[in-house]
Amino acid sequence: MCYMAAALAMPDRELEISSEGEAQVLIPASSQPPQSQVVAATVDEPDHSYENVDLHENETHYPVLETTFRESGVSVSNFYIKDALGAGTDFESQLRLPLGFDFENTTEPQVLIFHTHTTESYLEYDEGYYHESFYPRNEDETKNMTSVGKKIADSLREKGIGVIHATKVHDSPEYSGAYDRSWDTITKYIEKYPSIKVVLDIHRDSIAGYDGEKVKPVFEVNGKKAAQIMIMAGSDIYDQYGFEDWEYNLRFALKLQECAEEMYPGMTRPLYFGDFAYNMPISRGSLLIEVGTDVNSLQEAQYTGKLLGNVLAKVLQTEG
65 MCYMAAALAM
75 PDRELEISSE
85 GEAQVLIPAS
95 SQPPQSQVVA
105 ATVDEPDHSY
115 ENVDLHENET
125 HYPVLETTFR
135 ESGVSVSNFY
145 IKDALGAGTD
155 FESQLRLPLG
165 FDFENTTEPQ
175 VLIFHTHTTE
185 SYLEYDEGYY
195 HESFYPRNED
205 ETKNMTSVGK
215 KIADSLREKG
225 IGVIHATKVH
235 DSPEYSGAYD
245 RSWDTITKYI
255 EKYPSIKVVL
265 DIHRDSIAGY
275 DGEKVKPVFE
285 VNGKKAAQIM
295 IMAGSDIYDQ
305 YGFEDWEYNL
315 RFALKLQECA
325 EEMYPGMTRP
335 LYFGDFAYNM
345 PISRGSLLIE
355 VGTDVNSLQE
365 AQYTGKLLGN
375 VLAKVLQTEG
């Protein structure tokens, strides 16, 4: 079946924002990274069981199509790339080149996690359908992207990595200008913590099918469903965005994708590589990552957050 992926919006830089945001600073208990091999995470949250009571009995409901995205696009190592740029980029060579930053043995924060579209959210339960009134935005930080970012941050901290998780809401009450506001947040923390090397904008996607269907990408680890991720790496071959170091960001994306598939086969959708920048020019270790879609369950997305933290830690501690 053919699916229509959500459109990619470029950053809007027309608004000035002066409001202050909140952030959770996580510093590891020990600066010495653990020597043990990273293993699959376990889920410590209780399972949610769906109450068999339809609270939307007068509404139309639409199917959620569950799938695992696999072989599509350019094959590189153990994964695939959707090369929207089509400029003949040598992905194999980029994958084997070193990262553009040195990851240090320090208690200082080296990773910044934030959310341009903070209120993006998920289905609360894995029901197999959604109702017509379903609105995948939520101000509750325990149910939106903040909760996924927290899982990533907690997982990194467990591996001895210092993290800042910026929880400021950038897309509400005003959606337009969210990338301007998140840029302000990023620059504020980088100025305060120049030790930051990795900057991750964590989102969720949305994929529509036909006749109201929506698609949820999943894979399994330890018998539990998790949301597939899509790593996005931009470029600037036409010198439009001031993103001259984009090849370094691409290397980081490629190494992250390869490691994710080694640790948790099926974790990734094809890496999306194209002509865009978002807020990636801020750092050679800056990426945008989509965790599932709006019809993945919250628990699936949070589980993926924990797994993604494991993958990040391994890449940074072995490649950085």
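Remember, the numbering used here sits 64 above the position in the sequence shown when you count from 1.
We treat Cβ as the ideally placed atom computed from N, Cα and C, and that holds for glycine.
Under 7 Å, do residue i and residue j count as touching if we go by C-beta distance?
i      : j      : result
Ser246 : His234 : yes
Lys178 : Thr249 : Before going further, note that residue 178 is Phe rather than Lys in the sequence given. Contact: yes.
Ala324 : Met331 : yes
Gly287 : Leu129 : no
Thr368 : Ala317 : no
Ile254 : Ile260 : yes
Thr180 : Met209 : no
Ile145 : Phe337 : yes
Tyr199 : Pro127 : no
Ile228 : Pro162 : no
Val175 : Ala365 : no
Gly384 : Phe167 : yes
Arg348 : Phe165 : yes
Val359 : Lys256 : no
For residue i, tell me which candidate among the options has the shortest Cα-Cα distance.
i      : options                        : result
Asp339 : Gly273, Asp303, Leu372, Pro329 : Asp303
Glu308 : Phe337, Gly298, Glu364         : Gly298
Asp275 : Lys252, Arg268, Glu196         : Glu196
Leu159 : Lys319, Asp204, Gln381         : Lys319
Ser141 : Ile228, Gly150, Glu326         : Glu326
Gly356 : Gly349, Asn122, Ser136, Thr131 : Thr131
Ile353 : Leu362, Asn343, Val359         : Asn343
Lys370 : Val138, Gly137, Arg221         : Arg221
Leu314 : Lys252, Gly152, Met296, Gly306 : Met296
Asn202 : Ala377, Asp190, Thr124, Ser236 : Ser236
Phe143 : Pro345, Lys232, Gln381, Pro329 : Pro329
Tyr189 : Glu135, Lys289, Pro334, Ala242 : Lys289
Lys378 : Glu191, Lys223, Tyr312, His125 : Lys223
Arg333 : Glu135, Leu380, Thr231, Gly150 : Glu135
Lys280 : Ala242, Ala230, Leu376, Tyr186 : Tyr186
Asp204 : Tyr312, Thr231, Glu191         : Thr231
Met294 : Glu284, Trp310, Ser270         : Ser270
Val282 : Thr382, Lys214, Val375, Ser361 : Ser361
Identify the residues that DSSP records as bridge partners of residue i: which are they?
i      : result
Glu354 : His267, Met294
Leu129 : Val279
Gly349 : Val262
Val359 : According to DSSP, which records beta bridges pairwise, Val359 is partnered with nothing at all.
Arg160 : Beta-bridge pairing links Arg160 to no other residue.
Thr332 : Ile293
Ends of the beta strand (DSSP E) at residue i?
i      : result
Tyr312 : Careful: Tyr312 lies outside any beta strand (DSSP E), inside the alpha helix (DSSP H) at 310-327.
Gln174 : 173-178
Ser46  : Past the edges of the chain, shown from 65 to 384, lies residue 46, and the structure says nothing about it.
With residue i as the anchor, note down where its alpha helix (DSSP H) starts and where it stops.
i      : result
Val212 : 209-222
Leu149 : Element bounds for Leu149: n/a, residue is neither H nor E.
Ile254 : 242-256
Identify whether residue i lies in helix, strand or coil by the three-state DSSP scheme.
i      : result
Tyr194 : strand
Phe337 : strand
Val375 : helix
Tyr367 : helix
Leu380 : helix
Tyr144 : strand
Leu187 : strand
Glu284 : strand
Thr206 : coil
Gln101 : Caution is warranted here: a pLDDT of 32 is assigned to Gln101, below 50, making its placement in the model unreliable, and the coordinate value is therefore given only provisionally. Here Gln101 sits in coil by DSSP.
Pro110 : Per-residue confidence for Pro110 stands at a pLDDT of 39, beneath the threshold of 50, marking its modelled position as unreliable; no derived number is given.
Ile81  : Confidence in Ile81 is poor, its pLDDT being 27 and thus under 50, which makes the residue's placement unreliable; the coordinate value appears in the next sentence. Coil at Ile81, not helix or strand.
Gln96  : Model confidence at Gln96 stands at a pLDDT of 34, short of 50, so the residue's coordinates are unreliable; what they give is reported in the following sentence. In the structure shown, Gln96 sits in coil (DSSP, three-state: anything other than H, G, I, E or B).
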